[in-house]
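Have a look at the structure below, then the notes.
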Ligand SMILES: Cc1cc2nc3c(=O)[nH]c(=O)nc-3n(C[C@H](O)[C@H](O)[C@H](O)COP(=O)(O)O)c2cc1C
């Protein structure tokens, strides 16, 4: 799949089936994340955690579901996803908020690479905001790292949830001002 087709067809999946992403494809997705631009080239401030432990994912799902407001989707907030790539960062006080931009760049590269590989994905933010200190400790992050986003990857449970393979225009609109 060419890059523009991957960009135009990436979409959120919120109902995953049991099929797991292969280790080879997982490595490609991680490599795409590592290829993202990062402010001041501070790749050392970032960390990727691959979470595939079913018991841990179940505990994250159960806890977050219990404290988040009721959701319409039954499998929220992790949507039955069996592979999570958590992106965490050290907070950089000399460049406030740059870590969020960095994590966004890594996440976007991984999401688009996933689409190019035929893998479905979901960007997860909400469940990380409500985790208990005990669950955050179980993530085993390096000292000083804050979990900022997670990409859930896998295969949609229902193929009807997969978007068409090509779009001639963006699926969402953002206002544009041209200063000619
Ligand atoms: C920073 C960020 C946080 C997000 N957090 C969540 C989340 O916690 N749960 C969720 O279901 N979707 C989450 N999303 C996915 C967005 O809701 C989704 O990208 C948006 O509705 C557009 O739909 P699309 O991805 O299908 O194009 C997040 C996306 C971004 C960029």
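In the working numbering, the protein residues as written are 21 to 200.
Cβ coordinates follow ideal geometry from the N, Cα and C atoms, glycine included.
Please check the pair residue i and residue j, which I expect to be a contact at CB under 8 Å, by giving their CB distance rounded to whole angstroms.
{"i": "residue 107", "j": "residue 168", "result": "6 Å"}
{"i": "residue 144", "j": "residue 170", "result": "4 Å"}
{"i": "residue 77", "j": "residue 98", "result": "6 Å"}
{"i": "residue 198", "j": "residue 39", "result": "Not really, about 45 Å apart at Cβ, beyond 8 Å."}
Using only CA atoms, which one of the options lies nearest to residue i?
{"i": "residue 37", "options": "173, 190 and 189", "result": "173"}
{"i": "residue 59", "options": "177, 199 and 122", "result": "122"}
{"i": "residue 90", "options": "165, 70, 112 and 146", "result": "146"}
{"i": "residue 105", "options": "198, 83, 48 and 190", "result": "48"}
{"i": "residue 163", "options": "67, 27, 62 and 29", "result": "67"}
{"i": "residue 155", "options": "75, 175 and 43", "result": "75"}
{"i": "residue 103", "options": "124, 139, 112 and 125", "result": "139"}
{"i": "residue 158", "options": "141, 144 and 70", "result": "70"}
{"i": "residue 24", "options": "192, 136 and 194", "result": "136"}
{"i": "residue 80", "options": "65, 64 and 100", "result": "100"}
{"i": "residue 35", "options": "141, 120, 64 and 115", "result": "141"}
{"i": "residue 178", "options": "125, 32, 72 and 196", "result": "32"}
{"i": "residue 189", "options": "27, 22 and 165", "result": "27"}
{"i": "residue 62", "options": "42, 126 and 191", "result": "126"}
{"i": "residue 30", "options": "196, 200, 195 and 191", "result": "191"}
{"i": "residue 42", "options": "72, 53, 65 and 160", "result": "72"}
{"i": "residue 115", "options": "92, 65, 96 and 93", "result": "65"}
Put residue i into one of helix, strand or coil per three-state DSSP.
{"i": "residue 24", "result": "helix"}
{"i": "residue 134", "result": "helix"}
{"i": "residue 194", "result": "coil"}
{"i": "residue 140", "result": "strand"}
{"i": "residue 44", "result": "helix"}
{"i": "residue 164", "result": "coil"}
{"i": "residue 181", "result": "In this prediction, residue 181 scores a pLDDT of 45, lower than 50, which makes its location untrustworthy; the coordinate-derived value is nonetheless stated afterwards. Here residue 181 sits in helix by DSSP."}
{"i": "residue 157", "result": "helix"}
{"i": "residue 151", "result": "coil"}
{"i": "residue 172", "result": "strand"}
- Return the chain-ordered ranges of every beta strand (DSSP E) run that is complete within the region 57 to 97 and spans a minimum of 3 residues. Within the region 57 to 97, the complete beta strand (DSSP E) runs of at least 3 residues are 66 to 71.
- Message: Threshold first: 3 residues or longer. Then list the beta strand (DSSP E) segments lying entirely within the region 92 to 127, N to C.
- Response: List check, beta strand (DSSP E) in window: 104 to 110.
- Sufficient close CB pairs (3 or more, under 8 Å) joining the region 131 to 142 to the region 58 to 75: no
- Count the CB pairs spanning the region 77 to 84 and the region 139 to 158 that are closer than 8 Å, and state whether there are at least three. The region 77 to 84 vs the region 139 to 158: in contact.
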